[in-house]
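Asks:
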Amino acid sequence: MEDIERDWDTPVSEAGIAAKSSVIVRVGMLDLGAGTGSFRVREMMHRIAYPLGVHVRADVNLTDIEASCTDGKNRITEVVDLPTTGVNTERIWLLEHFTDWFNVNLGEKSMYHAKPTVSEELVEQLDNPASRKSAMRAVKQARCEREDAEDAEDAENVIAGEGEGENAVGDAAEGKASAEGGQLPSAAMPRSRAHKPPKGQYAEHFDHVGAAPLPAGGSGITVGQVHNRLDLIERRPPLYSPLFSGLGSALACAAFVFLLGGGPYDMIGAFIGAGIGQYLRRLLFARRLNQFFVTFVCVAIAALACVGTLRLIGMFDPVALQHDTAYIGAMLFVIPGFPLITGGLDIAKIDFPSGIQRTAYTLSIILMATLAGWMVATIVHLNPQGFAPLGLDPWVNGLLRFIAAFVGVWGFSVLFNSPQRMCFTAASIGAITDTLRLTIVDFGVPPEAAAFIGALLSGLLASAWRSSVRRGMLPPHLDYPRICLTVPSIVIMVPGLYMYQAMFHLGQFDTQSALNWAFRAFMVILCLPVGLAMARVITDKSWRYDI
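Residue numbers (the working numbering): 707 to 1253.
#1: Under 6 Å Cβ to Cβ from Ala-961, same chain only, skipping five residues before and after it: list those, please.
#2: Whose C-alpha, out of Leu-1144, His-803, Asp-1216 and Leu-1105, is nearest the C-alpha of Pro-1182?
#3: For Arg-941, which of Leu-1027, Ala-976, Gly-739 and Gly-926 has the nearest alpha-carbon?
#4: Give the C-beta separation of Gly-969 and Leu-1096 to the nearest angstrom, bearing in mind that I take them to be a contact with Cβ-Cβ under 8 Å.
#5: Just to check my reading of the structure: Gln-984 and Gly-1035 have Cβ atoms closer than 8 Å, yes? What is that Cβ distance to the nearest angstrom?
#6: So for Ser-1195, helix, strand or coil by DSSP?
#7: Residues bridged to Pro-717 by DSSP?
#8: Rounded to a whole number of angstroms, what is the C-alpha to C-alpha distance between Ala-1066 and Gly-741?
#9: Tell me which same chain residues have a C-beta within less than 7 Å of the C-beta of Cys-1129, skipping the five on either side of it?
#10: Taking the continuous beta strand (DSSP E) assigned at Glu-772, which residues delimit it?
#11: Note down the Cα distance separating Asp-1254 from Phe-1149, rounded to an integer number of angstroms.
#12: Between which two residues does the alpha helix (DSSP H) containing Val-963 stretch?
#13: Using the beta-carbon count (16 or more within 10 Å), is Thr-1217 buried or exposed?
#14: When the distance is taken between beta carbons, is Pro-1090 closer than 8 Å to Asp-1023?
#15: For Thr-783, collect the residues of the same chain with a Cβ closer than 6 Å to its Cβ; drop the 5 residues on either side in sequence, then sort them by chain order.
#16: Closest to Asp-937 by C-alpha separation, out of Met-735, Pro-1194 and Met-1199, would be which residue?
#17: So which of Val-1040, Gln-1126, Ala-1006 and Val-1147 has the shortest CA-CA distance to Val-1086?
#18: Thinking Leu-1203 and Leu-966 are a contact (beta carbons under 8 Å), I'd like their distance in whole angstroms, please.
#19: Note down, in chain order, each residue of its chain lying with its Cβ closer than 6 Å to the Cβ of Ala-1026, except the 5 sequence neighbours on either side.
#20: By the three-class DSSP mapping on this structure, what secondary structure does Ile-1041 have?
#21: Roughly how many angstroms lie between the CA atoms of Pro-1201 and Leu-957, to the nearest whole one?
#22: So what's His-933 in DSSP terms, helix, strand or just coil?
#23: Per DSSP, what kind of secondary structure is Asp-787 in: helix, strand or coil?
#24: Using DSSP's beta-bridge definition, name the partner residues of Asp-1254.
#25: By Cβ distance, which residues of its chain are closer than 6 Å to Glu-711, with the 5 residues on each side in sequence left out?
#26: What three-state label does DSSP hand Ile-674 in the structure shown?
#27: Give the DSSP bridge partners of Arg-781, in chain order.
#28: Mapping the DSSP letters down to three states, classify Ile-1244 as helix, strand or coil.
#29: Between the alpha carbons of Ser-837 and Ile-730, how many angstroms are there, rounded?
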C-alpha cells in the first residue's frame, strides 16, 4: 500500500509494479464480481496489462483471483476474494469502455470500438448524481457554452490578426494538424458528424468520438486518476428499484409460463408470485444475507403467493383450482442463468476449476429453489402434471410466442441490471431465437437439438450486432458485450420446469420419474453453452484456435 500511495500522482505507465498490479487486479475483481466468466476476466486483465508492459498470470475462480504480475524486473502476487457473487451486465459493459479509455490514453488502439473515444465520455459521466434528463440538459448546456466560447475566441483571433492573415491561417492549419495527430486533449477533437451521443446518464462518456490514440506514454494519466474512474464504476447503484425489479421478474415469469404452455390463470399466478418473490429477494440481498437462505425463503413465498392467488380466483371460477403447475412458473426468477452459461463457456475454454465451481454453484442454487418448491407443494397438496394444451391457431400461437419471448428476455435483462437499450437488444434476439426453437420443436425436432440451435443463433445474432456497430452501421455506444446479449436471450430456454418436476418426483420417492426429468433437463442445459461456444468458434478467432 505504501508503494501505491507513493505512486498515486505518478503517470501509471511510469509507476512501480505494485501500482500497476493494483489497477490490473482491480479491473479483474470488478469484472468477476459482475458475474462474467474467467475467460473474460483474464482478457480484461491482459488488456490493462499489455500497454503497461506487464505480464499477468491469473488463477480465476468463482469468488477469488490470484494474480502474479511481472514487468521483467520485479514481481508481485495479489490475491483478492469476493464475499459473494452476482450479475451486473451494466458493469461488464462499462468495464469494456474503461479498457478502451485506458488503452487509448496509453497509445494503444481500441479493441471494442472503431471510434474508441466513445468510451471516455461514457466513463466520465458515471459520477453525475443528476437524473437522466437533468444530466442530458447539463451536457447540452455545457456543450453549447464551450462551442460559444470557442466561437468567441476564434472571432477575437480573427480581429486581432487582421494584419497578420498569413500567420493566422498558418496557426489554424497547425492547430488542425495537431488535432488530427492526437496532440490535443480529446475534448478539443473534432466530432464525427455521423455519431449521435446517447441521451441520459451516459451522454458525457461519448464526448471523445474520433480521437486517435495518443503517442506512447499517453496523456500521463496517473494511478490516482485510473482508480478514481474505477471508483465510479464500482460505486454505481443498481439501475432499478426493488419494485421495478419485481415487475421485471413478474413479466418474465408470466411470459416464461406461456412459453411452457400455460394459460391465463397460470400466467396470473406466476406474475403475482414472481413479482413478490423478486421484490423480497432484492430487499434481503440489500441486507447482505446469505443467498442460499434468501433463495429458499423467496422461492417458498413466491410459490405460496401464486397458490394463494389461484385459490382466491377459484372462489369465483373453480377452473383456477386445477392449475397446480403454475407455482413452478412463479419460481423461475431464481434460475442462475449467468453462472450456468459462463461455467459451460469456461469449460469450453479448458478452464475446469472455474467451470466446475460455477456449475456447482448453479446446482446449489437450483437445489435450494427446487427443495423450497417441493416443500410448498407437499404442504398445500399440489400435484403438478404440466400445462393443459391451449389449442391456439399455429399462426396466432407463433405471434404470441414472439411477444412472450420478447417480454421474458426483457424482464430477465432487468434482473441482470442491463440498461434499457441493452434490454431491448437482448429481447429482440431472444424473441427471434426462442420462437424459432419452439416452432421447430412443434415440427418434431428434439428439445435438446432445438436448444442447441437456439443458443447457436443467439450467439451469431449477438456477433452480427457487434459487427454492425464496428462497421459503423450502428452507433458506437450500442456495442454491447456478447455475453450481455446472449445469456439473457437464452436464459428463457433453461428447462426450469424439468428441474422442478425432477425434485417433486424425488420428494415423492418416484426415482424413475425423477431421473427421467433430471436427465432431460441435463441434456437441454448441456446444449445451451455448447451452442454459444460454437457461435464464438465461428465468429471469434481467439476461440477458433488453441493459442
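For every residue, glycine included, the Cβ atom is placed at its ideal position computed from N, Cα and C. These numbers come from a predicted model, not from an experiment.
Replies: The answer reads as follows:
#1: By 1-based counting over the sequence shown, the position of residue 961 is 255. Around Ala-961: Ala-1110, Val-1113 and Gly-1114.
#2: Here residue 1182 refers to the residue found at position 476 of the sequence shown. Closest option to Pro-1182, Cα to Cα, is His-803.
#3: As a position in the sequence shown, residue 941 is number 235, starting the count at 1. Ranked by how close their Cα comes to the Cα of Arg-941, the residues Leu-1027, Ala-976, Gly-739 and Gly-926 have Gly-739 in first place.
#4: Working through the sequence shown from its first residue, we reach residue 969 at position 263. Working through the sequence shown from its first residue, we reach residue 1096 at position 390. Indeed they touch by this definition, with Cβ atoms about 6 Å apart.
#5: The count along the sequence shown starts at 1 and reaches residue 984 at position 278. The count along the sequence shown starts at 1 and reaches residue 1035 at position 329. Contact check for Gln-984 and Gly-1035: beta-carbon distance about 13 Å, past the 8 Å limit, so the pair fails to qualify.
#6: Residue 1195 sits at position 489 when you count from the first residue of the sequence shown. Under the three-state reduction of DSSP output, Ser-1195 falls in the helix class.
#7: Along the sequence shown, one-based indexing puts residue 717 at 11. Paired residue(s): Thr-928.
#8: Within the sequence shown, the letter at position 360 stands for residue 1066. Within the sequence shown, the letter at position 35 stands for residue 741. About 15 Å.
#9: In the sequence shown, counting from the first residue as 1, residue 1129 sits at position 423. Trp-1116, Ser-1119 and Val-1120.
#10: What you label residue 772 is simply residue 66 of the sequence shown in a count that begins at 1. Where Glu-772 is concerned, the enclosing beta strand (DSSP E) starts and stops at 770 to 776.
#11: In this structure the chain extends from 707 to 1253, so residue 1254 is not present and cannot be described.
#12: Your numbering for residue 963 matches position 257 in the sequence shown. Per DSSP, Val-963 belongs to the alpha helix (DSSP H) from 948 to 966.
#13: For this step, residue 1217 is matched to residue 511 along the sequence shown. By the 10 Å Cβ count, Thr-1217 comes out exposed.
#14: Looking up residue 1023 in the sequence shown gives position 317. Looking up residue 1090 in the sequence shown gives position 384. No, the pair does not count as a contact, with Cβ atoms beyond the cut-off.
#15: Here residue 783 is taken as the residue at index 77 of the sequence shown, counted from 1. Ser-774.
#16: In the sequence shown, the residue the question calls residue 937 occupies position 231. Per the Cα distances, Met-735.
#17: In the sequence shown, the residue the question calls residue 1086 occupies position 380. Comparing Cα positions, the closest option is Ala-1006.
#18: Sequence index remark: in the sequence shown, residue 1203 carries index 497 (1-based). Sequence index remark: in the sequence shown, residue 966 carries index 260 (1-based). Rounded, the Cβ-Cβ distance is 5 Å, consistent with contact.
#19: Within the sequence shown, numbered from 1, the residue matching residue 1026 stands at position 320. Answer for Ala-1026: Tyr-971, Leu-1016, Ile-1019 and Gly-1020, listed in chain order.
#20: Here residue 1041 corresponds to residue number 335 of the sequence shown, with the count starting at 1. If DSSP states are grouped into helix, strand and coil, Ile-1041 belongs with coil.
#21: By one-based count along the sequence shown, residue 1201 stands at place 495. By one-based count along the sequence shown, residue 957 stands at place 251. Rounded to whole angstroms, Pro-1201 to Leu-957 spans 18 Å at the Cα level.
#22: One-based indexing of the sequence shown puts residue 933 at position 227. Collapsing the DSSP output to three states places His-933 in a helix.
#23: As a position in the sequence shown, residue 787 is number 81, starting the count at 1. Here DSSP, grouped into helix, strand and coil, assigns Asp-787 to strand.
#24: A query on residue 1254 cannot be resolved here, the shown segment of the chain reaching from 707 to 1253 and no further.
#25: Along the sequence shown, one-based indexing puts residue 711 at 5. Within the same chain, no Cβ atom closer than 6 Å to the Cβ of Glu-711 is found once the five residues on either side in sequence are excluded.
#26: The requested residue 674 does not occur in the structure, where the chain is confined to residues 707 to 1253.
#27: The sequence position of residue 781 within the sequence shown is 75, counting from 1. In DSSP, Arg-781 forms a bridge with Thr-776.
#28: Indexing the sequence shown from 1 puts residue 1244 at position 538. Looking at Ile-1244 - three-state DSSP - the assignment turns out to be helix.
#29: Taking the first residue of the sequence shown as position 1, residue 837 is located at position 131. Taking the first residue of the sequence shown as position 1, residue 730 is located at position 24. With a pLDDT of 40 at Ser-837, under the threshold of 50, the modelled position of that residue is not reliable, and the figure given next carries that caveat. The alpha-carbon separation between Ser-837 and Ile-730 amounts to approximately 31 Å.
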